[in-house]
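J.:
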Amino acid sequence: MIGSICDSGTVEIIGPIASTVEDVMLVYAAILGSSPADRICLKPAPPCLPNLSSSESLNVMGTLRLGKYTQWFNDVYSTDISDKCEDVLNMLSKNHGCKVTEIIIPELNEMRNAHIVSIGSESVSSLNPHCYDGKISKMTLDTRTNLALFRTFAASDYVAAQCLR
1 MIGSICDSGT
11 VEIIGPIAST
21 VEDVMLVYAA
31 ILGSSPADRI
41 CLKPAPPCLP
51 NLSSSESLNV
61 MGTLRLGKYT
71 QWFNDVYSTD
81 ISDKCEDVLN
91 MLSKNHGCKV
101 TEIIIPELNE
111 MRNAHIVSIG
121 SESVSSLNPH
131 CYDGKISKMT
141 LDTRTNLALF
151 RTFAASDYVA
161 AQCLR
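Taken in order, the sequence shown gives residues 1 to 165; the numbers are from full-length UniProt numbering.
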């Protein structure tokens, strides 16, 4: 893909960064289309943009159910983080009528590890040519450490990770 940093992965998402949902929708509507250079999707669906300025759209929030996995939600370094997140959930419930529902995500740690193996393997695949070109010294120590860890993954680790994806 032209303009992207990496172009070898299956977990990449390329899209706009904006300050509001409305701005992102406008950018997507503007760039929506097909390109012969895009190998993945030559016939995208037409845009279907909601009218967020209508009074009806304000009532839509009340139909939302927000899933909360309490065990994961509270597994944080500082309770300041989970307290602030709890405040946000309470505000959404109080101001917009959203319902908070307790959920459990089975095999979450296994999925997290599979995600690390997938991202790590694809990062190594993408960045190895730069390392062999002598550009590794320009990478941060964190990046070098992560790449060293990612290089320890075997092909069988990657295949097992894809089974969980």
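Heads up, the beta-carbon is just placed ideally off N, CA and C, and yes, glycines get one too.
Tell me whether the beta-carbon of residue 158 lies closer than 8 Å to the beta-carbon of residue 100.
T.: Against a cut-off of 8 Å, the Cβ pair of residue 100 and residue 158 comes out as no contact.
J.: Using the C-alpha atoms, what's the distance from residue 86 back to residue 148?
T.: Going by the C-alpha atoms only, they are around 37 Å apart.
J.: State the Cα-Cα distance for the pair residue 18 and residue 24, rounded to the nearest angstrom.
T.: One C-alpha to the other measures close to 6 Å.
J.: Which residue or residues does DSSP assign as beta-bridge partners of residue 102?
T.: DSSP, once it has assigned bridges, lists 68 as partnering residue 102.
J.: Could you name the residues of the same chain whose beta carbon sits closer than 7 Å to that of residue 27, not counting the 5 residues immediately before and after it, in chain order?
T.: Closer than 7 Å at Cβ, skipping near neighbours: 16, 18.
J.: Output needed for residue 120: all residues of its chain with C-beta closer than 8 Å, excluding positions within five of it in sequence on either side, in chain order.
T.: Excluding positions up to five away in sequence, the list reads 146, 149, 150, 153.
J.: Going by the CB atoms, is the gap between residue 68 and residue 92 shorter than 8 Å?
T.: Their beta carbons are not under 8 Å apart, which means residue 92 does not touch residue 68 by this criterion.
J.: According to DSSP, is residue 107 part of a helix, a strand, or is it coil?
T.: In this structure, residue 107 counts as coil in the three-state DSSP scheme.
J.: According to the Cβ coordinates, are residue 66 and residue 111 closer than 8 Å?
T.: No. Outside cutoff.
J.: Applying the 10 Å Cβ sphere with the 16-neighbour rule, what's the burial state of residue 141?
T.: Under this definition residue 141 is an exposed residue.
J.: Which stretch, first to last residue, makes up the alpha helix (DSSP H) that contains residue 25?
T.: From DSSP, the alpha helix (DSSP H) with residue 25 extends over 21-31.
J.: Taking the alpha-carbon of residue 106 as reference, which of 155, 95, 71 has the nearest alpha-carbon?
T.: It is 71 whose Cα lies nearest to the Cα of residue 106.
J.: Helix, strand or coil for residue 139? Go by DSSP, reduced to three states.
T.: Residue 139: coil per DSSP, three-state reduction.
J.: Between residue 95 and residue 64, what straight-line distance do the alpha-carbon atoms span, to the nearest angstrom?
T.: Their Cα atoms are separated by approximately 13 Å.
J.: Keeping to the same chain, check which residues put their C-beta closer than 8 Å to that of residue 76; ignore five residues upstream and five downstream.
T.: So the qualifying residues of the chain are 82.
J.: Using the rule of at least 16 other Cβ atoms within 10 Å of the residue's Cβ for burial, across every protein chain shown, is residue 127 buried or exposed?
T.: When all chains shown are included, residue 127 counts as buried.
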